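Comments concern the structure below.
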């Protein structure tokens with residue numbers, strides 16, 4: 006007998022999206038790995054990131070992977086949006102074992118989790134270590150061993166751009182007050198669910214006391230100490246680092262309390278408390294409920310299907326070309342623009358890649374950059390492009406370009422964005438419809454502003470102002486999303502604004 010999707014006895018599936026090609030991926034929630042049937046890419050599955058939801062269309066129960074903002078119901082194929090990054094996500098884990106004895110109380114203790122990208126720029130010095138072994142000497146009774154001497158040679162300054170994925174957790178002061186110092190995933194896997202109003206029944210959900218901004222700072226500090234590191238003969242100091250594309254969540258984990266003892270309500274194991282229970286410190290309690298809604302991705306203007314992605318931020322309509330973002334009240338119109346090409350694509354298909362154009366103010370070595378003319382000579386624009394490229398006038402505001410496309414496992418500040426920043430082109434809106442494939446928008450406007458410093462610090466090495474980058478200061482201002490046209494010519498992507506060419510293999514892993 007075939008089970009109905011809404012029947013609790015039916016097998017519940019995980020709905021995810023391939024990070025390589027963007028195709029839908031379906032698998033059972035107990036799997037540790039899954040494969041894409043479209044491109045054969047393999048993906049690891051973190052069971053602690055499964056989010057259990059119910060489709061508003063057919064009522065089927067299924068799982069999302071936390072962080073996949075868009076996807077389809079595995080039963081009725083309705084295109085859905087599960088969450089937004091503008092809200093604090095609140096989840097809980099259901100108990101998996103019965104109370105160890107009669108009279109036990111079910112406690113839900115709060116923990117904080119952070120999933121984010123770290124972008125930083127390390128400045129340090131490379132060193133070379135040479136080992137010299139002296140010849141042995143005779144002591145009258147035999148040959149003694151030689152001595153080993155190490156010589157360290159300074160090879161000069163070195164700069165390195167780094168990008169890392171952070172997936173961290175830390176207990177709230179409420180959990181610490183009960184002697185629980187970490188969120189350990191025990192033997193059994195589990196899925197998380199949004200907190201509902203009836204979850205207070207039969208359990209005591211203790212409010213979190215750490216404020217979201219403090220939790221984010223604590224998790225950032227916990228994950229990495231970027232001040233000093235030593236590896237492979239390199240001494241490095243991080244000059245600047247920024248978190249982007251971050252998702253902060255408050256997770257409630259279940260424990261059975263029997264007298265002075267705590268038992269993990271997922272594994273059943275007695276909790277080894279780090280200290281005796283004490284009073285709770287911290288500020289005002291964080292609100293428990295922030296209802297998570299599922300939205301169908303349909304254009305509110307024409308009813309057409311919105312282009313969605315696993316972690317999309319901006320959703321263009323495939324029919325009328327309108328743009329939308331998702332806020333607390335649902336779908337909201339968004340002002341994004343297609344850039345008019347400066348050259349013809351010919352017979353080649355067109356791909357539209359989204360970039361954030363951010364007005365910037367840059368100070369380096371006592372000099373300032375506010376308009377295009379301030380940096381034009383130093384950036385060497387004439388050597389990059391030929392005639393016919395629309396250039397911004399010298400008195401136009403200085404700007405930088407940050408890629409809006411990408412994937413959590415494939416972060417990039419790529420050559421295309423760097424070259425657009427160096428060229429400083431003048432962009433004009435496209436008149437009419439934009440034909441071709443659209444790459445999905447992954448980074449939002451706040452992320453683009455956070456990338457200001459690392460964009461410029463990654464751009465300036467090799468220029469005439471390279472020696473002054475230690476005093477670089479940069480800040481981002483007004484932000485606009487532009488879809489820039491590229492011609493797909495064999496193995497190359499050709500920017501139809503600047504004429505510059507890029508190997509398509511450099512864009513592997515970018516959702517489109």
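In my numbering, the protein residues as written are 6 to 517. Glycine included, each C-beta is placed from N, C-alpha and C at the ideal position. Remember, predicted model here, so these are calculated numbers, not experimental data.
query, result
"Same chain only: Cβ atoms within 6 Å of residue 494, ignoring 5 sequence neighbours per side", "353"
"Residue 509: first and last residue of the uninterrupted beta strand (DSSP E) it sits in", "No beta strand (DSSP E) holds residue 509; DSSP gives it neither H nor E."
"Reference residue 498; option with closest CA among 444, 449, 478", "444"
"Under the three-state DSSP convention, the category residue 419 falls into", "coil"
"Beta carbon of residue 431 nearer than 8 Å to that of residue 395", "yes"
"Whole-angstrom C-beta distance between residue 399 and residue 377, which should lie under 8 Å", "5 Å"
"Alpha carbon of residue 47 to alpha carbon of residue 225, nearest angstrom", "29 Å"
"Reduced DSSP category for residue 444 - H, G, I as helix; E, B as strand; rest coil", "coil"
"Limits of the beta strand (DSSP E) - the one that residue 485 falls within", "478–494"
"Contact belief for residue 249 with residue 452 at Cβ below 8 Å, rounded distance in angstroms", "4 Å"
"Simplified DSSP assignment, three categories, for residue 34", "coil"
"Exposure of residue 238, with buried meaning 16 or more beta-carbon neighbours within 10 Å", "Summary for residue 238: the model assigns pLDDT 40, below 50, so the residue's position carries little reliability, and this model does not support an answer."
"Buried or exposed by the 16-neighbour rule on C-beta atoms within 10 Å, applied to residue 100", "buried"
"For residue 22, three-class secondary structure by DSSP", "strand"
"Residue 503 in three-state terms, based on DSSP", "coil"
"Own chain residues within Cβ distance below 6 Å of residue 505, not counting five before or after", "424"
"CA nearest to the CA of residue 265, picked from 182, 290, 390", "182"
"Cβ-based burial, residue 11 [other Cβ within 10 Å; buried from 16]", "A caution first: residue 11 carries a pLDDT of 40, below 50, which makes its placement in the model unreliable, though a value can still be read off. Per the 10 Å Cβ criterion, exposed."
"Local Cβ density within 10 Å of residue 508, reported as buried at 16 or more and exposed below that", "exposed"
"Any non-hydrogen atom of the ligand SAM closer than 7 Å to residue 258 Cβ", "For the structure depicted, the ligand SAM is absent and the ligand set is empty, with no information on it obtainable."
"Counted within 10 angstroms of its Cβ, other Cβ atoms place residue 420 as buried (16 or more) or exposed", "exposed"
"Alpha carbon of residue 361 to alpha carbon of residue 222, nearest angstrom", "26 Å"
"Identity of the residue in 55, 83, 29, 36 nearest residue 45 by Cα", "29"
"Cβ pair residue 312, residue 323 closer than 8 Å", "yes"
"Nearest-angstrom Cβ-Cβ length linking residue 111 and residue 208, presumed shorter than 8 Å", "4 Å"
"Alpha-carbon to alpha-carbon, residue 427 and residue 197", "45 Å"
"Which listed residue (212, 436, 78, 349) has its alpha carbon closest to that of residue 22", "78"
"Endpoints, the alpha helix (DSSP H) within which residue 179 is located", "178–182"
"Selection from 437, 337, 366 that minimises the alpha carbon distance to residue 457", "366"
"Closest Cα partner of residue 121 within the set 375, 270, 174", "174"
"Span separating the alpha-carbon of residue 19 from that of residue 37", "12 Å"
"Cα-Cα separation between residue 325 and residue 309, rounded to whole angstroms", "8 Å"
"Nearest-angstrom Cα separation, counted from residue 350 out to residue 57", "45 Å"
"Option in 379, 440, 488, 402 with minimal Cα separation from residue 433", "488"
"Beta-carbon spacing of residue 459, residue 124 below 8 Å", "yes"
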